[in-house]
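*Asks:* For the protein sequence lines, the chains are A and B, in the order given. Throughout, the working numbering is defined as the position within the first sequence, counted from one, plus 144. Throughout, the working numbering is defined as the position within the second sequence, counted from one, plus 180.
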Amino acid sequence: MSRILDAKIPSGPLADKWDRHEMECPLVAPANRRKFTVIVVGTGLAGGGAAATLGELGYNVLNFCVQDTPRRAHSVAAQGGINASKNYQNDGDSVERLFYDTVKGGDYRSREANVYRLSQLSMGIIDQCVAMGVPFAREYGGTLANRSFGGVQVSRTFYARGQTGQQLLLGVYSALSRQVAAGTVKMFPRHEMLDLVVVDGRARGIVCRDLVTGEMKRYAADAVVLATGGYSPVFYLSTNAVNCSATSIWRAYKRGALFANPCYTQIHPTAIPQLGDYQSKLTLMSESLRNDGRMWVPKAPGDKRRPADIPEAERDYFLERRYPAFGNLVPRDIAARASKVECDAGKGVGNTGFAVYLDFADAIKRLGRDVVADRYGNLFTMYEEIIADDPYHTPMMIYPAPHYTMGGLWVDYNLESTIPGLFVAGEANFSDHGANRLGASALMQGCADGYFVVPRVVAGYLARGGHGKVTTDHEAFGAVEDEVRRRYDALLAVKGSRTVRDFHWDLGRVMWDKVGMARDRTGLEQAITQIRELREAYWHDVKVPGEAADFNKQLEMAGRVADFLELGELMAMDALAREESCGGHFRAEHHTPEGEARRDDENFMHVAAWEHKGDGQAPVRHVEPLVYENIEVKTRSYK
Amino acid sequence: MSEMTIHLKIWRQARGETKDSQKSQGRFVDYTVEKVLPEMSFLETLDLLNEKLTRQGQQPVEFDSDCREGICGTCGLVIKGTAHGPNPKTTTCEVRMRHFRDGETITVEPFRAGPFPILKDLVVDRTAFDRIQQQGGFVTANVGSAPDSNAVPIPKLDADKAMDAASCIGCGACVAACPNASASLFVGAKISQLSYLPQGGPERGRRALLMIGQMDREGFGDCSNHGECEAVCPKEISIENIARMRREFFKGALGGHDRKAATGD
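#1: Check each candidate in B:Asn421, B:Thr254, B:Trp191 and B:Ile392 and name the one with the smallest Cα separation from Phe429 (chain B).
#2: Is the CB-CB distance between Leu340 (chain A) and Ala753 (chain A) below 7 Å?
#3: In this structure, does DSSP put Leu553 (chain A) in helix, strand or coil?
#4: Could you give the C-beta distance for Ser325 (chain B) and Asn360 (chain B), rounded to a whole number, given that I count them as a contact under 8 Å?
#5: Can a CB atom of chain B be found closer than 7 Å to the CB of Glu529 (chain A)?
#6: Just to confirm, is the Cβ distance from Ser221 (chain B) to Arg311 (chain B) under 7 Å?
#7: Could you tell me the boundaries of the alpha helix (DSSP H) in which Arg384 (chain B) lies?
#8: For Asn231 (chain A), I'd like the list of residues in its chain whose CB is within less than 7 Å of its CB, leaving aside the five on either flank, ordered along the chain.
#9: Kindly say whether Ile392 (chain B), judged by its beta-carbon, lies nearer than 7 Å to any beta-carbon of chain A.
#10: What residue range is occupied by the uninterrupted alpha helix (DSSP H) comprising Arg395 (chain A)?
#11: Let me make sure I understand the geometry here. Which of B:Met395, B:Glu219, B:Thr270 and B:Met184 has the alpha-carbon closest to that of Asp421 (chain A)?
#12: Determine whether the beta carbon atoms of Cys354 (chain B) and Cys273 (chain B) lie at a separation below 7 Å.
#13: Out of A:Lys783, A:Val296, A:Gly578 and A:Gly728, state which residue places its alpha-carbon closest to the alpha-carbon of Pro546 (chain A).
#14: Just mark Gly703 (chain A) as buried or exposed, buried being the case when its beta carbon has 16 or more other beta carbons within 10 Å.
#15: Closest to Gly316 (chain B) by C-alpha separation, out of B:Ser418, B:Leu374 and B:Leu434, would be which residue?
#16: Closest to Ala415 (chain A) by C-alpha separation, out of A:Lys443, A:Cys407, A:Ser483 and A:Thr616, would be which residue?
#17: For Gly399 (chain B) and Pro297 (chain B), which I take to be in contact (beta-carbon distance under 8 Å), what is that distance rounded to the nearest angstrom?
#18: Cβ closer than 8 Å: which chain B residues qualify as neighbours of Ser318 (chain A)?
#19: Consider the Cβ of Asp282 (chain B): report whether some Cβ of chain A lies at a distance smaller than 7 Å.
#20: If you check the beta carbons only, do Glu458 (chain A) and Lys448 (chain A) fall under 7 Å apart?
#21: Between the alpha carbons of Leu171 (chain A) and Met540 (chain A), how many angstroms are there, rounded?
#22: Under the DSSP definition of a beta bridge, which residues are partnered with Gly440 (chain A)?
#23: When you compare only the Cα positions, how much space is there between Arg743 (chain A) and Gly578 (chain A)?
#24: What are the boundary residues of the alpha helix (DSSP H) that includes Ser654 (chain A)?
#25: Taking just the CA atoms, how far does Gln205 (chain B) sit from Arg562 (chain A)?
#26: Quick one: Cα of Gly265 (chain B) to Cα of Val258 (chain B), how far?
#27: Whole-angstrom Cβ separation of Ala671 (chain A) and Ala716 (chain A), contact assumed at under 8 Å?
#28: Please name the residues in the segment 693-720 of chain A whose beta-carbon is closer than 9 Å to at least one beta-carbon of chain B, in chain order.
#29: Give me the Cα-Cα distance between Gly224 (chain A) and Thr427 (chain A), rounded to the nearest whole angstrom.
#30: Spatial neighbours of Leu233 (chain B) within its chain, please: CB distance less than 6 Å, with the 5 preceding and 5 following residues excluded, ordered by chain position.
#31: Count the other CB atoms within 10 Å of the CB of Val515 (chain A); is the residue buried (16 or more) or exposed (fewer)?
#32: Compare the C-beta of Gln589 (chain A) against all C-beta atoms of chain B and say whether one is closer than 7 Å.
#33: Are there 16 or more other CB atoms within 10 angstroms of the CB of Asp402 (chain B), so buried, or fewer, so exposed?
#34: Whose C-beta lies closer than 6 Å to the C-beta of Tyr252 (chain A) among residues of the same chain, with five residues either side of it excluded?
#35: From the DSSP output, in three-state form, read off Thr328 (chain A) for me.
#36: Please tell me whether Gly256 (chain B) has its Cβ less than 7 Å away from any Cβ of chain A.
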């Protein structure tokens with residue numbers, strides 16, 4: 145039975161909700177905090193920030209990551225920046241405006257109260273990071289510098305060259321290191337969470353695989369926080385790291401947590417185009433490049449001249465033409481789709497025809513090479529190493545690539561999933577970005593959840609009590625561990641003929657072609673059938689080498705791909721059920737005469753959250769209606 | 181572009197073989213990979229090899245990698261005798277095959293150093309770096325205690341210097357390249373970064389003593405100014421940071437900080 149979900153949004157005026165809620169959250173006294181154990185899975189901005197802050201407060205924290213050290217969580221790869229409504233540039237920014245831009249950017253498919261809280265907390269994040277020694281870019285006068293990102297008309301993005309994610313993550317890592325030394329946080333690197341343990345309806349622990357020895361291990365706690373990132377590698381080729389996976393959140397879904405808006409994926413407009421079938425990933429070129437780079441294609445289809453030989457009059461700066469108000473800085477979903485439109489019309493460039501130019505010639509003329517190098521030098525170097533071409537002289541070639549997933553586990557205002565005691569933070573949850581995330585907002589959400597929201601709401605959960613201690617001897621732990629063990633033994637036992645990568649590649653092709661930048665009913669129905677067939681084939685024909693009790697990267701990947709083969713189907717089902725276009729979800733059947741996304745607010749102004757009903761059973765789609773009391777819902781326009 | 185055939189001489193070592201027995205039990209094994217394209221990355225060539233080995237029923241070569249765009253610091257191989265390969269300013273994952281010749285033989289080894297025990301094949305344990313960081317590589321600033329971020333202006337040049345040092349990715353190439361297996365560039369980068377900023381000022385002396393003390397305890401060697409670390413560093417961290425680390429150490433020692441706690445002497 146489909147039901148209406150309650151997000152437990154506090155009452156009262158929007159601007160007061162979080163303050164009042166903090167006041168209403170019961171507290172745990174300092175001396176009692178060490179009696180509570182909290183498991184945090186993930187060490188990125190959300191997970192690491194939550195673990196360190198809970199540690200500072202005095203809780204006993206167990207923090208897990210698949211990387212060999214917490215400093216390598218995938219937040220590290222974020223390039224461009226982090227938004228905050230500081231209004232240091234005096235250009236009219238405010239909490240209200242960041243809130244408005246984010247809700248509009250998400251195409252009116254995010255939850256007002258969450259976005260407002262995010263916007264309020266944004267300022268404290270910058271303060272905290274500076275206090276921790278994050279070397280943000282500065283002006284000569286010593287104050288912080290800002291730049292612009294897509295979908296906004298103010299400069300509110302703080303940055304550390306093209307390595308903002310790295311610097312914020314190193315801030316988190318340093319805070320974590322301090323807590324490890326203080327004994328409040330115990331770190332478990334090279335540990336992969338493979339299942340969630342639920343006892344009497346509450347999340348009480350996890351089962352992990354030690355990735356060095358292959359040993360299965362159990363950990364019990366009073367609450368569990370998942371901050372394991374997004375699931376873009378379901379497309380195989382994405383800008384994500386090769387170890388990014390959906391496994392933790394997917395296992396939680398199969399234990400009863402609802403999965404919200406799985407079809408909301410962000411295809412980033414500016415990645416280095418795919419070069420060949422051997423490729424293991426796509427490399428992002430930061431959105432910040434669109435501050436100074438101009439996107440164009442030749443006006444004539446099939447024009448194979450070198451870019452320098454195409455005169456100005458024969459170039460189409462398609463974003464500037466279609467969206468004069470925002471120009472090259474339209475939001476990502478719009479820029480990505482516009483590039484696809486040009487390439488589909490035969491105007492794409494490069495060997496494959498699936499690329500457009502991002503040109504810095506004007507910026508270099510206006511600012512000089514040194515200024516451009518100071519802003520984007522590291523990105524230009526990366527580009528040159530991969531493409532063997534110099535973007536100071538020849539325009540970059542770029543094409544959209546899967547980058548971020550707005551969907552994730554459903555959480556209420558407290559970031560608590562439908563399993564009590566299971567909290568979900570950062571990209572792993574669905575809550576703040578609606579159908580499209582604006583640039584520089586992922587780092588903001590990760591830090592807000594990790595430093596500020598999780599510590600408060602987890603304390604509230606623990607303080608309310610009523611859940612006695614559970615140890616790993618509890619039979620539920622044994623049962624879950626047995627299941628996990630059987631699953632991994634089964635993967636090894638198939639001994640088929642095709643590698644894990646073969647299947648992952650095939651899945652990625654189906655997802656990109658049919659559940660990618662443009663979707664339609666026929667394609668989605670085909671995708672569902674093809675993914676089912678692929679999954680069936682996987683468990684009969686995959687070849688996983690080595691043993692369970694060993695360092696075995698192929699086995700790790702085998703487990704993750706098995707989960708992607710299930711998640712992909714749910715993404716297609718969600719995309720099929722959402723008979724509208726909104727943000728990054730573009731259904732070919734639903735667009736305006738100009739080719740823009742056409743929402744159906746009457747029937748789809750809601751979050752779709754899916755409930756697992758058992759393998760082979762159809763999942764149930766529940767809804768959380770979205771109510772806009774403070775913002776006027778309009779057709780999104782950047783013209 | 182034309183396909184190449186590449187011969188690889190790869191260090192193979194089973195898990196659990198102790199440090200003492202590394203020399204006797206680990207060994208180089210020869211492999212040949214065909215249909216390598218110049219635009220492929222070096223790790224994609226290893227992927228291709230592993231696909232082939234898996235299909236043939238052999239054990240794939242274990243190696244670490246994650247972001248594959250040079251920022252996470254996970255990957256790290258000694259390629260043709262040089263940490264992160266022959267090209268300057270790149271990580272292993274950024275090395276492209278166009279830098280090698282058709283038919284070339286390439287040796288591939290893990291980052292070797294006493295404090296980086298080999299876990300399996302090309303995978304090493306670098307948690308010693310985490311333990312050094314835990315001694316003092318942070319500013320003590322609890323969440324909620326921060327003043328407005330523009331309250332303390334920081335000269336742009338200092339912020340830029342701090343950023344130069346902070347761009348260290350913790351890959352460990354500096355240790356692998358150093359004849360003494362010193363971690364001075366890694367430790368110096370963190371101490372330097374924080375020394376350029378007003379935040380954490382009260383902890384500077386103590387930080388230097390504690391981090392350097394832990395570096396010694398982990399078994400990393402001393403710096404004798406070879407400069408190999410700077411040469412292989414994918415992020416161009418300057419050895420100036422080592423000089424600065426020494427100054428911080430002396431200031432800390434002379435400043436009356438607890439040297440015993442730092443060094444364990």
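Glycine is no exception: its CB is placed at the ideal position from the N, C-alpha and C atoms.
*Replies:* In terms of the structure at hand:
#1: B:Ile392
#2: no
#3: Leu553 (chain A) sits in a strand when the DSSP states are folded into three classes.
#4: Going by Cβ atoms, the distance from Ser325 (chain B) to Asn360 (chain B) rounds to 40 Å, so no, they are not a contact pair.
#5: yes
#6: no
#7: Arg384 to Arg397
#8: Excluding residues within five positions, the ones whose Cβ falls inside 7 Å are Asp237 and Ser238.
#9: With 7 Å as the cut-off, Ile392 (chain B) does not count as an interface residue toward chain A.
#10: Thr391 to Lys398
#11: B:Glu219
#12: no
#13: It is A:Gly728 whose Cα lies nearest to the Cα of Pro546 (chain A).
#14: Label assigned to Gly703 (chain A): buried.
#15: B:Leu374
#16: A:Ser483
#17: So it is not a contact: roughly 10 Å between Cβ atoms.
#18: Gln313, Gly317, Phe318 and Val319
#19: Not closer than 7 Å to any Cβ of chain A, the Cβ of Asp282 (chain B) fails to qualify, so no.
#20: In this structure, Lys448 (chain A) does not lie closer than 7 Å to Glu458 (chain A) by Cβ.
#21: 53 Å
#22: Note on residue identity: the sequence assigns Trp, not Gly, to residue 440 (chain A). A:Tyr501, per the DSSP bridge assignment.
#23: For the pair Arg743 (chain A) and Gly578 (chain A), the Cα-to-Cα distance works out to about 13 Å.
#24: This sequence places Val at residue 654 (chain A); Ser is not what is there. Taken as a continuous stretch (DSSP letters only), the alpha helix (DSSP H) holding Val654 (chain A) covers Val644 to Lys658.
#25: The amino acid occupying residue 562 (chain A) in the given sequence is Thr; Arg does not appear at that position. If I take the Cα positions, the gap works out to 52 Å.
#26: 6 Å
#27: Confirmed, about 4 Å.
#28: Asp694, Phe695, Asn696, Lys697 and Gln698
#29: 14 Å
#30: Pro240
#31: When all chains shown are included, Val515 (chain A) counts as exposed.
#32: no
#33: exposed
#34: Val777
#35: In this structure, DSSP gives Thr328 (chain A) a state outside helix and strand, which the three-state scheme calls coil.
#36: Put simply, the CB of Gly256 (chain B) is far from chain A, with every gap to its CB atoms at 7 Å or more.
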